[in-house]
Every structure is written in structure tokens, then in C-alpha cells.
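**Student:**
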Amino acid sequence: DAKTTQPTSMDCAEGRAANLPCNHSTISGNEYVYWYRQIHSQGPQYIIHGLKNNETNEMASLIITEDRKSSTLILPHATLRDTAVYYCIVRAYGGSQGNLIFGKGTKLSVKP
Amino acid sequence: NAGVTQTPKFQVLKTGQSMTLQCAQDMNHEYMSWYRQDPGMGLRLIHYSVGAGITDQGEVPNGYNVSRSTTEDFPLRLLSAAPSQTSVYFCASSYGGFSGANVLTFGAGSRLTVL
Chain A
1 DAKTTQPTSM DCAEGRAANL PCNHSTISGN EYVYWYRQIH SQGPQYIIHG LKNNETNEMA
61 SLIITEDRKS STLILPHATL RDTAVYYCIV RAYGGSQGNL IFGKGTKLSV KP
Chain B
1001 NAGVTQTPKF QVLKTGQSMT LQCAQDMNHE YMSWYRQDPG MGLRLIHYSV GAGITDQGEV
1061 PNGYNVSRST TEDFPLRLLS AAPSQTSVYF CASSYGGFSG ANVLTFGAGS RLTVL
């Protein structure tokens, strides 16, 4: 399975864009990139996922490089409520590889 | 919709006791799974199920049993609790499981302490 590398922690000013990087240099052609976040001790929350095209939804944007070896999650206007641990996960469709494997993620602190 | 409901939210056990963590979802999701999360760690997969009557082991299955007799329920059983099983347990479900996007919906968690 492909592995991901994320910074341990990041800070962001409230109202500014938060850009969270993720490296997945060994990603396979059939593996998608997923982002989840976990606020305090709550259950993780799905944010967005993509294969190779950039994706956007009401929560965030996902930018995947052309070689697919890295991606960036963008929270366009971070608020204090976006303070959380953000997990970048790569996963293939089908079979036991379909399980999501969580790493330690990036702790994002949004500051006033 | 209630989503994914876990009970109990908190539980204290003594070493050697048994208990069952309950997980129920009302979204008709085929895929369900159990994770544990230890302090400062990511989530680790314990067991998962791709449908009623089908279960399989995840990354850390030892000490835990599961069954899936209905689509809605996926209980996690600790047969003989050990202090190493002190953790927060999360149940998750998704529609389509492996055949689809597997976007997980998580429960609120069950915090277990084994003395």
C-alpha cells in the first residue's frame, strides 16, 4: 500500500487559506487520495477525495500534482472551528485494499 | 437519520472482564468497520465487514471478535479485557464499501478503560 507523509503540525491565521501538504510518492494508478479530519476527540469527518483531477466541494479544494506524487488540501478561509488533525490517505477501490489506513496526520491550529 | 450510533460512550472494566461495544447504522450501508485510537496515534483498523454474514480482520484484530448478523449492527466483543485495550473505539460505515468510494461515516466513539 502507498504511504503518505504529512507535516506533524501547522499554524494558520483565522480568515486566511490553510494549505495542508501530503506526499504520496509511491501511489499507484488506481489509488485515490482521501482527506479526513478529526476535531478534538470526535469521530473523523470526511472532507474530500480525488484521483488525478483537482476537486472542490463546499468544505475544501484538493489539488493533486500532475505526477500524482503529492497533493494539497486547501481550506480557503480557515476558521477557529477548523482546528483539527487532518489525515491524508491513499486507497484503491476493491478488495482488502479498500480499507482506509490512517496515519498520524497534521495537527492544524487556526489562530485568531 | 441518526447516522452511526455507538454505545456505551464510556466504560470502565477490570482485567479479564468481557463486554460488547455496540454499533448501529440506519443508512443501509454495506460496509462497516471498527477502529481503535490510542493517545497521540492515528486510527488502527480492528475488524471490518463488507456485508451481513461477512467479516474479516484488520491491522490489530487480536483480543476482539465481531459478527454481522444484520446490515444495521456490527458489535465488537472483548472476551477478556486487558489494560492494553484501553483506548477510544470508533465504528464507521459506508455505502458500497470496496466497490465504491468508501466514504466513511464515523460514530462519536466509545472510550474504554481497562484497570
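Top to bottom, those sequences are chains A and B. Mapping the first sequence onto this note's numbering, position 91 (from 1) lands on 91, and the numbers just tick up by one. Every position in the second sequence, counted from 1, becomes a number in this note's numbering once 1000 is added. In this text, a Cβ means the ideal position worked out from N, Cα and C, and glycines have one as well.
1. If contacts are defined as beta-carbon pairs under 8 Å, then Q1085(B) and L1115(B) qualify, I think. What distance do you get, rounded to the angstrom?
2. Who are the Cβ neighbours of R16(A) in its own chain at under 8 Å, not counting the five residues just before and after it?
3. Could you work out which residue in V1088(B), S1094(B), A1024(B), F1074(B) is closest to G1040(B) when comparing CA atoms only?
4. With DSSP collapsed to three states, give me the class of Q1037(B).
5. Following a CB-centred definition, is M1041(B) positioned closer than 7 Å to any heavy atom of the ligand NAD?
6. Using a Cβ cut-off of 8 Å (strictly closer), state whether S1033(B) contacts chain A.
7. Among Q1011(B), G1016(B), F1010(B), Q1006(B), which has the Cα closest to the Cα of L1079(B)?
8. Looking at the secondary structure, which residues open and close the beta strand (DSSP E) in which Q45(A) lies?
9. Using CA atoms only, rank isn't needed, just tell me which of F1106(B), F1090(B), Y1095(B) is closest to D1038(B).
10. Give a yes or no on whether the C-beta atoms belonging to V33(A) and V110(A) are separated by under 8 Å.
11. Since Y1035(B) and R1044(B) should fall inside the 8 Å C-beta cutoff, what is the C-beta to C-beta distance between them, to a whole number of angstroms?
12. Of all the options S41(A), P112(A), R37(A), P7(A), which has the alpha carbon lying nearest to the alpha carbon of A60(A)?
13. Residues of chain B with a CB under 9 Å from the CB of Y86(A): which are they?
14. Just to confirm the assignment, what range does the beta strand (DSSP E) spanning N23(A) have?
15. Excluding five sequence neighbours on each side, which residues of the same chain lie with their C-beta closer than 7 Å to the C-beta of S25(A)?
16. Answer yes or no: does any C-beta atom of chain B fall closer than 8 Å to that of N7(A)?
17. Please report how far the alpha carbon of L62(A) lies from the alpha carbon of Y86(A), in whole angstroms.
18. Excluding five sequence neighbours on each side, which residues of the same chain lie with their C-beta closer than 6 Å to the C-beta of N53(A)?
19. How big is the Cα-Cα spacing for H40(A) and I47(A)?
**Tutor:** Based on what the coordinates show:
1. Translated into the one-based positions of the second sequence, residue 1085(B) becomes position 85. Translated into the one-based positions of the second sequence, residue 1115(B) becomes position 115. No, Q1085(B) and L1115(B) are not in contact; Cβ-Cβ is about 11 Å, not under 8 Å.
2. Along the first sequence, one-based indexing puts residue 16(A) at 16. Same-chain partners within the cutoff: H77, A78.
3. Taking the first residue of the second sequence as 1, we reach residue 1040(B) at position 40. For the residues V1088(B), S1094(B), A1024(B), F1074(B), the minimum Cα distance to G1040(B) belongs to V1088(B).
4. If you number the second sequence from 1, residue 1037(B) lands on position 37. Strand.
5. As presented, the structure is devoid of all ligands, the ligand NAD included, so that no description of it is given.
6. Walking along the second sequence from the start, residue 1033(B) turns up at place 33. Judged by the 8 Å Cβ criterion, S1033(B) is in contact with chain A.
7. Start at 1 with the first residue of the second sequence, and residue 1079(B) comes out as number 79. Checking every option, the nearest Cα to that of L1079(B) belongs to G1016(B).
8. Start at 1 with the first residue of the first sequence, and residue 45(A) comes out as number 45. 45 to 50 is the span of the beta strand (DSSP E), which, as asked, contains Q45(A).
9. Position 38 of the second sequence, counting from 1, holds the residue named residue 1038(B). With distances taken between Cα atoms, D1038(B) lies closest to F1090(B).
10. Numbered from its first residue, the first sequence carries residue 33(A) at position 33. Numbered from its first residue, the first sequence carries residue 110(A) at position 110. No, Cβ-Cβ distance for V33(A) and V110(A) is not below 8 Å.
11. As a working note, residue 1035(B) is residue 35 in the second sequence. As a working note, residue 1044(B) is residue 44 in the second sequence. Contact flag correct, Cβ pair sits at about 6 Å.
12. Position 60 of the first sequence holds residue 60(A). Comparing alpha carbon positions, the residue from S41(A), P112(A), R37(A), P7(A) closest to A60(A) is R37(A).
13. Locating residue 86(A) in the first sequence gives position 86, where the first residue counts as 1. The contacting residues do not exist; Y86(A) stays about 11 Å from chain B at best.
14. Along the first sequence, one-based indexing puts residue 23(A) at 23. N23(A) -> beta strand (DSSP E) spans 18 to 23.
15. As a first step, residue 25(A) is located in the first sequence; it is residue number 25 there, counting from the start. Once the five neighbours on either side are set aside, the close Cβ partners of S25(A) are K69.
16. Residue 7(A) sits at position 7 when you count from the first residue of the first sequence. Checking the sequence shown, residue 7(A) turns out to be Pro, not Asn. For P7(A), the answer is no, since every Cβ of chain B falls outside 8 Å of its Cβ.
17. For this step, residue 62(A) is matched to residue 62 along the first sequence. For this step, residue 86(A) is matched to residue 86 along the first sequence. Rounded to whole angstroms, L62(A) to Y86(A) spans 13 Å at the Cα level.
18. What you label residue 53(A) is simply residue 53 of the first sequence in a count that begins at 1. So no residue of the chain qualifies.
19. Within the first sequence, residue 40(A) is the residue found at index 40, counting from 1. Within the first sequence, residue 47(A) is the residue found at index 47, counting from 1. When rounded, the distance between both Cα atoms is 16 Å.
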